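To start, the structure itself, in structure tokens.
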Amino acid sequence: MSWEPVIGLEIHVQLKTRTKMFCRCELGFGDPENTRTCPVCLSHPGTLPVPNAKAIEWTVKLGLALGCEIAPHAVFHRKNYFYPDLPKGYQISQYDQPLCTNGRFLVPGPDGDAYVGIVRAHLEEDAAKNVHVGGAAGRISGADRTLVDFNRGGTPLVEIVTRPDLRSAEDARIFLQLLRQTVVELGISDAEMEKGSLRFDVNVSVRPEGSSELRTRTELKNMNSFAFAARGIAREIGRQIEIYEKGGEVDQETLHFDPTREDAPPLRSKEEAQDYRYFPEPDLVPLAPARDLVERARAELPELPGQRIRRLERDYALPFYDAEVLSGLPALAALFERTVAAGGDAKATSNLVMNQIVAAGVDPAVVDGLELAKLVEARGRIPRAALDEAIAASGTPGFRADDYTADTAITDAEELRPVVERILEGNPSQVEAYRGGKTGLLGFFVGQVMRELGGKANPKVVNELLREQLGL
Amino acid sequence: MAITRDEVLHVARLARLALTDAEIERLQGELSAILDAVGKVAELDLSDVPPTSHPLDVVNVLGEDEPRPSLPVGDALANAPSREGGFFRVPAA
Chain A
286 MSWEPVIGLE IHVQLKTRTK MFCRCELGFG DPENTRTCPV CLSHPGTLPV
336 PNAKAIEWTV KLGLALGCEI APHAVFHRKN YFYPDLPKGY QISQYDQPLC
386 TNGRFLVPGP DGDAYVGIVR AHLEEDAAKN VHVGGAAGRI SGADRTLVDF
436 NRGGTPLVEI VTRPDLRSAE DARIFLQLLR QTVVELGISD AEMEKGSLRF
486 DVNVSVRPEG SSELRTRTEL KNMNSFAFAA RGIAREIGRQ IEIYEKGGEV
536 DQETLHFDPT REDAPPLRSK EEAQDYRYFP EPDLVPLAPA RDLVERARAE
586 LPELPGQRIR RLERDYALPF YDAEVLSGLP ALAALFERTV AAGGDAKATS
636 NLVMNQIVAA GVDPAVVDGL ELAKLVEARG RIPRAALDEA IAASGTPGFR
686 ADDYTADTAI TDAEELRPVV ERILEGNPSQ VEAYRGGKTG LLGFFVGQVM
736 RELGGKANPK VVNELLREQL GL
Chain B
289 MAITRDEVLH VARLARLALT DAEIERLQGE LSAILDAVGK VAELDLSDVP
339 PTSHPLDVVN VLGEDEPRPS LPVGDALANA PSREGGFFRV PAA
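So the sequence lines, in the order shown, correspond to chains A and B.
Numbered by my numbering, the letters in the first sequence go through residues 286 to 757 in order.
Numbered by my numbering, the letters in the second sequence go through residues 289 to 381 in order.
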């Protein structure tokens with residue numbers, strides 16, 4: 286029998302507002318512990334929460350980017366449980382009236398479009414950070430005490446829940462990367478897994494191919510990288526298939542991958558599990574996002590990464606792989622488009638931008654598309670070394686492709702040497718900076734020599750001379 | 289609506305309350321009485337009445353995203369039964 290994986294994700298994204306969700310303590314990362322707290326986020330009696338207007342605006346924006354409906358009326362609920370990172374004894378979250386519901390997120394692939402259903406995206410407050418000390422280093426089991434830092438407590442956190450629409454570990458990886466890129470480009474989160482500003486759990490089950498049943502799922506928690514998650518999912522799929530093929534049953538269970546970074550209350554027993562006794566937060570009035578503001582936010586949404594991949598493929602007849610790589614860095618995609626607009630052949634430009642510009646470490650944002658188009662055009666008839674030098678210099682101010690593509694170039698080192706020496710003498714501070722490690726200035730010197738000679742020099746020889754004179 | 293002894297124990301466990309037998313019995317009666325009182329509402333036809341999540345007819349009470357000073361760490365920890373450096377210290381969780 287062949288088996289089909291069924292994968293759903295639950296993603297937490299910390300918003301990078303200046304202040305917390307329900308108080309105005311300033312957010313930072315790496316501040317000394319408990320220096321970003323106040324009576325509200327420490328849950329002193331008598332304090333009242335005030336929702337952060339920016340966090341709500343951004344959640345609406347994200348909801349729109351996820352293709353969600355924005356609720357005309359949304360409510361915060363209390364989710365009750367005891368854990369030291371949650372001083373109130375409840376988390377303010379959303380339950381049956383979340384801000385965003387019922388979305389659809391485009392995930393382009395080499396074989397066509399896929400859409401991942403979004404059940405909901407809601408806003409809540411992050412818990413504080415627990416540090417488990419003593420016993421086996423950093424592990425929960427065996428620790429003899431727990432230290433709590435409330436700086437993170439109360440950070441605005443969006444929880445996104447997908448439908449079980451993903452069918453492979455690779456699908457999940459692509460979806461997560463697109464989602465991450467989306468929140469980064471919306472400017473609402475750093476979404477850095479190492480800093481914990483993007484975290485996700487994965488639900489995995491398998492079923493016979495062609496069936497539509499949903500079998501028992503296991504939950505993989507605390508994934509700390511996309512690659513790690515993809516491996517973990519693939520392994521879990523294999524494990525479940527093996528159990529079924531031996532006639533066994535999969536148990537519903539939670540597999541913790543990084544036990545030092547637990548984010549959810551541990552389930553102490555089956556009967557307490559999921560019994561959070563949600564009820565409407567009496568300290569907060571409902572949210573009613575104004576329709577005109579929602580429509581304006583919709584109109585102001587930037588092009589999303591998934592749409593950009595499709596557009597690059599369609600408008601420039603690029604292979605999926607090229608479109609995906611270019612789209613992965615908006616500045617790279619923009620350089621590609623500038624260069625093609627200036628006359629560069631699309632596929633040749635794509636190759637040059639994806640491979641050589643990236644490999645040379647040139648900042649695509651500062652490269653002139655017209656000059657790069659000239660290089661694309663000349664790439665076949667100038668020496669490879671000259672092309673490489675030109676690419677390396679393409680990000681320097683005043684870069685001219687003609688300086689590298691001229692066919693009457695001077696190649697005699699003895700003729701070029703005095704010019705090189707003059708340029709170095711005339712730019713002592715750059716020489717010093719270069720020797721101090723700013724080797725990217727090589728392109729600047731090449732450019733100066735070329736300008737002096739009206740572009741009539743072989744860049745490879747100029748480069749060799751420069752390196753020789755600079756003593757490297 | 290009669291609340292069972294097990295239901296009282298379940299709710300008590302969730303709230304981390306240790307109850308004596310006498311308290312369990314008393315709470316069975318009191319919780320039943322509360323539910324019966326609330327249950328009166330269920331006798332009405334409320335199919336077209338939206339649930340009230342807040343008694344005030346007000347929405348969107350929000351604060352601007354402008355930082356205000358936090359507490360000095362010494363003040364933040366002043367009421368902590370136990371601390372370690374700048375941390376609150378609690379029994380191993």
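Ideal Cβ positions, reconstructed from N, Cα and C, are used throughout, including at glycine.
Being a predicted model, the structure only gives us computed values, none of them experimental.
Residue 552/A to residue 380/A, Cα distance in whole Å?
Residue confidence is low: residue 552/A scores 49 on pLDDT, short of 50, so the model does not pin down where it sits. Its coordinate-derived value is still stated next. Near 19 Å, if we compare the C-alpha coordinates of residue 380/A and residue 552/A.
Pairs of beta-carbons, one from the segment 328-339 of chain A and one from the segment 325-340 of chain B, closer than 8 Å: are there three or more?
Look at the beta carbons and you see the segment 328-339 of chain A not touching the segment 325-340 of chain B: under three pairs across the two are nearer than 8 Å.
Quick one, are the C-beta atoms of residue 346/A and residue 475/A less than 8 Å apart?
Contact: no.
Closest by CA to residue 349/A, which one among 412/A, 309/A, 689/A, 471/A?
471/A
Of the residues that make up the segment 713-742 of chain A, which ones have a beta carbon closer than 7 Å to any beta carbon in chain B?
none
Here's the rule I'm using: 16 or more other beta-carbon atoms within 10 Å means buried, otherwise exposed. How should residue 289/B be labelled?
exposed
Ignore the nearest five residues each way along the sequence and tell me which others in residue 298/B's own chain have a CB closer than 8 Å to its CB.
Annotation for residue 298/B: no residue places its beta carbon closer than 8 Å to its own, counting only its chain and skipping 5 residues before and after.
Please list the terminal residues of the continuous beta strand (DSSP E) segment that includes residue 583/A.
Taken as a continuous stretch (DSSP letters only), residue 583/A belongs to no beta strand (DSSP E), being part of the alpha helix (DSSP H) at 576-584.
What residue ranges within the segment 654-710 of chain A form continuous alpha helix (DSSP H) runs of no fewer than 4 residues, ordered along the chain?
654-663, 669-678, 687-690
Report all residues from its chain with a CB closer than 8 Å to the CB of residue 668/A; omit the five preceding and five following residues, and keep chain order.
745
Where do the N-terminal and C-terminal ends of the alpha helix (DSSP H) with residue 732/A fall, by residue?
727-737
Determine the direct distance from the alpha carbon of residue 293/B to that of residue 378/B, and round the result to whole angstroms.
32 Å
For residue 436/A and residue 355/B, what's the separation of their Cα atoms in angstroms?
14 Å
Does residue 335/B come within less than 8 Å of chain A when only Cβ atoms are used?
No, residue 335/B does not count as interfacial toward chain A.
Considering only residues of the same chain and omitting the five flanking positions on each side of residue 628/A, which have a CB-CB separation below 6 Å?
Cβ within range, chain order: 658.
Report the three-state DSSP secondary structure of residue 480/A (helix, strand or coil).
helix
From the DSSP output, which residues share a beta bridge with residue 324/A?
In the DSSP output, where bridge partners are listed per residue, residue 324/A has none listed.
Here's a check: name, in chain order, each residue in its chain whose Cβ is nearer than 7 Å to the Cβ of residue 286/A, leaving out the five neighbours to either side.
493
So residue 441/A and residue 337/A are supposed to be a Cβ contact under 8 Å. How far apart are they, rounded?
6 Å
By Cβ distance below 7 Å, which residues in the same chain neighbour residue 612/A in space, the five residues on each side in sequence not counted?
Within the same chain, Cβ atoms closer than 7 Å to the Cβ of residue 612/A are found at 590, 593, 594, 597, 618, the five residues on either side in sequence being excluded.
Which residues mark the beginning and the end of the beta strand (DSSP E) in which residue 290/A is found?
Unbroken beta strand (DSSP E) run through residue 290/A: 288-299.
So, under 8 Å CB-CB, residue 457/A and residue 518/A are touching, yes? Tell me the CB distance rounded to an integer number of Å.
6 Å
Buried or exposed: residue 368/A, going by 16 or more other Cβ atoms within 10 Å of its Cβ?
buried
For residue 748/A, count neighbouring Cβ atoms within 10 angstroms of its own Cβ and tell me buried if that reaches 16, exposed if not.
The residue in question, residue 748/A, is buried, as its Cβ has 16 or more Cβ neighbours within 10 Å.
With 9 Å as the C-beta to C-beta threshold (strictly closer), list the residues of the segment 313-337 of chain A near chain B in chain order.
317, 318, 319, 320, 321, 322, 323, 324, 326, 327, 329, 335, 336, 337
Starting from residue 560/A, trace the alpha helix (DSSP H) in both directions and tell me its first and last residue.
Per DSSP, residue 560/A belongs to no alpha helix (DSSP H) and is neither H nor E.
Out of curiosity, what's the CA-to-CA distance linking residue 544/A and residue 416/A?
With a pLDDT of only 46 at residue 544/A, under 50, the local geometry of the prediction cannot be trusted, and no value is derived from it.
Look at the alpha carbon of residue 331/B and the alpha carbon of residue 325/B, and state the distance between them as a whole number of angstroms.
11 Å
Going along the chain, which residues of its own chain have a beta-carbon closer than 7 Å to the beta-carbon of residue 305/B, five neighbours each way excluded?
none
Taking only runs that begin and end inside the segment 312-374 of chain A, name each unbroken beta strand (DSSP E) of 3 or more residues, in chain order.
361-365
For residue 304/B, would you say it is in contact with chain A, using Cβ-to-Cβ distances shorter than 8 Å as the test?
yes
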